[in-house]
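Visitor:
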Amino acid sequence: MTGLPHGHDPRDYDDIDRAIINGLLDGFPLSPRPYAEAAAALGLDEATLLARLKSLLDHGVLTRFGPLYRPESIGGLAILAALSVPEERFDDVTATVNAYPEVAHNYQREHRWNMWFVVATSTPERAWAVLAEIEAATGLTVVALPKEHEFFLDLRLTA
Amino acid sequence: MTDPLRTEAVLTDQALIAATEGGLPLSPTPYADIAARLGVSEAAVTDRLRAMLADGRIRRIGAVPNHYRLGYTANGMTVWDVADDRVMELGAAVGQLPFVSHCYLRPRVPGLWSYTLFAMVHGRSRTETDAHAATIRALLGDALRGGEILYSTRVLKKTGIRTAGRQPVKETS
């Protein structure tokens, strides 16, 4: 899904889906028949679990099912950056920033620093170059906030 | 033609990551399927995944929900100015809170930005998310010099982190 976030639609998933999501956030078996094993733990059979997972993925309730890698381990660097964009220039600056394929995501936020985006590249040099180019192209100061330490990174919200 | 003496291909981390970062196959034998595609044994695949879990390169293996679709629509980036000599200890505590997804230490930028501890907080309403922020504020106690919540009002772009030759990696928040 892209665009505006939307609310929970209870038709999107039922109690069995909820049990699957909450039960399989972590610890998926590294065994020859992992879906069969996971299904048994949930009181389901393998075919049902596979069909349910496919449906949850197709409907965007799950964005993916599998290993969640730390970005550093896939060889990348991501820098969070912020801009304070005048309201009348917001759409133009959005277009300038979003035009970079290195910009992985970009959010409008309620704050003086009202545009927050992540530049993700395979080398630090390229990431800083993109930020410098955005600064030059917009004439706005980029606040670059590369992470210095990661305390925890996971999402274990329950359905 | 198959050479019976053909040695098994070398399984690189890069190949395994590329084969799995978009998700596991929805087949009864996902690891055997990946192994077949990469020309290695199933044990090579599962052993490597187990090792990457152990050293933290893989956070977890399982379901990655779209939090908006689970009803978590009030997503706030909470930012805190915490005493430098306490921030490592307190950041670790904030990162353990169940409603915090991402928690990072970031630099100050003199004159522009003073908050160093970032915690993404998710709730089903702003009331709920504000209450979560109050919990963090209480936890930070007398080490706290100031804080704010920056609510997202619009997703301007969300393509996920891409690395060369690979599928987009969808972020969870």
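Protein sequence lines, in the order shown, are assigned to chains W and E. Every letter in the first sequence is one number past the one before it in UniProt numbering, and letter 153, counting from 1, is 153. Every letter in the second sequence is one number past the one before it in UniProt numbering, and letter 12, counting from 1, is 12. Ideal placement from N, C-alpha and C gives every residue a C-beta, glycine not left out.
1. In three-state DSSP terms, what is Ala119 (chain E)?
2. Is the CB of Leu141 (chain E) under 7 Å away from at least one CB in chain W?
3. If we cut at 7 Å on Cβ distances, does Pro67 (chain W) have a partner in chain E?
4. Check Asn66 (chain E) in the structure and name its three-state DSSP category.
5. Helix or strand or just coil, what does DSSP make of residue 178 (chain E)?
6. Can you pull out the residues from the stretch 90 to 107 of chain E whose beta carbon lies closer than 8 Å to at least one beta carbon of chain W?
7. Quick one: using the 10 Å Cβ neighbour count with 16 as the cut-off for buried, is Arg145 (chain E) buried or exposed?
8. Is it the case that the stretch 88 to 99 of chain E contacts the stretch 85 to 94 of chain W, given that we only count it when at least three CB pairs across the two stretches are under 8 Å?
9. Determine the direct distance from the alpha carbon of Leu80 (chain W) to that of Leu90 (chain E), and round the result to whole angstroms.
10. According to DSSP, Tyr31 (chain E) sits in a beta bridge with which residue or residues?
11. Mind checking if Trp80 (chain E) is an interface residue toward chain W, Cβ cutoff 7 Å exclusive?
12. As a quick exercise: from E:Thr78, E:Arg106, E:Val155, E:Ala32, pick the residue whose alpha carbon is nearest that of Asn106 (chain W).
13. In whole angstroms, what separates the C-alpha of Val10 (chain E) from that of Ala18 (chain E)?
14. Could you work out which residues of chain W lie near Ile58 (chain E), taking near to mean beta carbons separated by less than 8 Å?
15. Rounded to whole angstroms, what is the Cα-Cα separation between Ala41 (chain W) and Ala32 (chain E)?
16. Below 8 Å on C-beta distance, what does Phe36 (chain W) contact in chain E?
17. Output yes if chain E places a C-beta closer than 7 Å to the C-beta of Phe151 (chain W); else output no.
18. What's the C-alpha gap between Met115 (chain W) and Pro25 (chain E)?
19. How about Leu38 (chain E): is its Cβ closer than 6 Å to a heavy atom in the ligand HEM?
20. Got a sec: is the Cβ-Cβ distance from Thr96 (chain W) to anything in chain E below 7 Å?
21. Where Tyr69 (chain W) and Ala136 (chain W) are concerned, what is the direct C-alpha to C-alpha distance, given to the nearest angstrom?
22. Mind checking if Ala132 (chain W) is an interface residue toward chain E, Cβ cutoff 7 Å exclusive?
23. How do the stretch 42 to 52 of chain E and the stretch 54 to 62 of chain W stand: do at least 3 beta-carbon pairs fall below 8 Å, yes or no?
24. Specify, as a first and last residue, the run of the alpha helix (DSSP H) that Glu148 (chain E) falls within.
25. Would residue 204 (chain W) pass as a contact of Arg52 (chain W) if the rule is Cβ separation under 7 Å?
Guide: Considering the structure as presented:
1. strand
2. One point to set straight first is that residue 141 (chain E) is Gly, not Leu, in the sequence displayed. Answer no: the Cβ-Cβ gap between Gly141 (chain E) and chain W never drops below 7 Å.
3. yes
4. coil
5. There is no way to answer for residue 178 (chain E), as the model of chain E reaches only from 1 to 173.
6. Gly91, Ala92, Val94, Gly95, Gln96, Pro98, Phe99, Val100, Ser101, His102, Cys103, Tyr104, Leu105, Arg106, Pro107
7. exposed
8. no
9. 22 Å
10. Answer by DSSP bridge pairing: none, since Tyr31 (chain E) is not bridged.
11. no
12. E:Val155
13. 15 Å
14. Pro67, Leu68, Tyr69, Arg70, Ser73
15. 22 Å
16. The amino acid occupying residue 36 (chain W) in the given sequence is Ala; Phe does not appear at that position. Within chain E, the residues near Ala36 (chain W) are Pro28.
17. yes
18. 37 Å
19. Ligands in the displayed structure: none, and consequently the ligand HEM is not present.
20. no
21. 33 Å
22. no
23. no
24. That residue, Glu148 (chain E), is in no alpha helix (DSSP H); its beta strand (DSSP E) goes 144 to 158.
25. No information on residue 204 (chain W) is available, as it lies outside the stretch 1 to 159 that chain W covers here.
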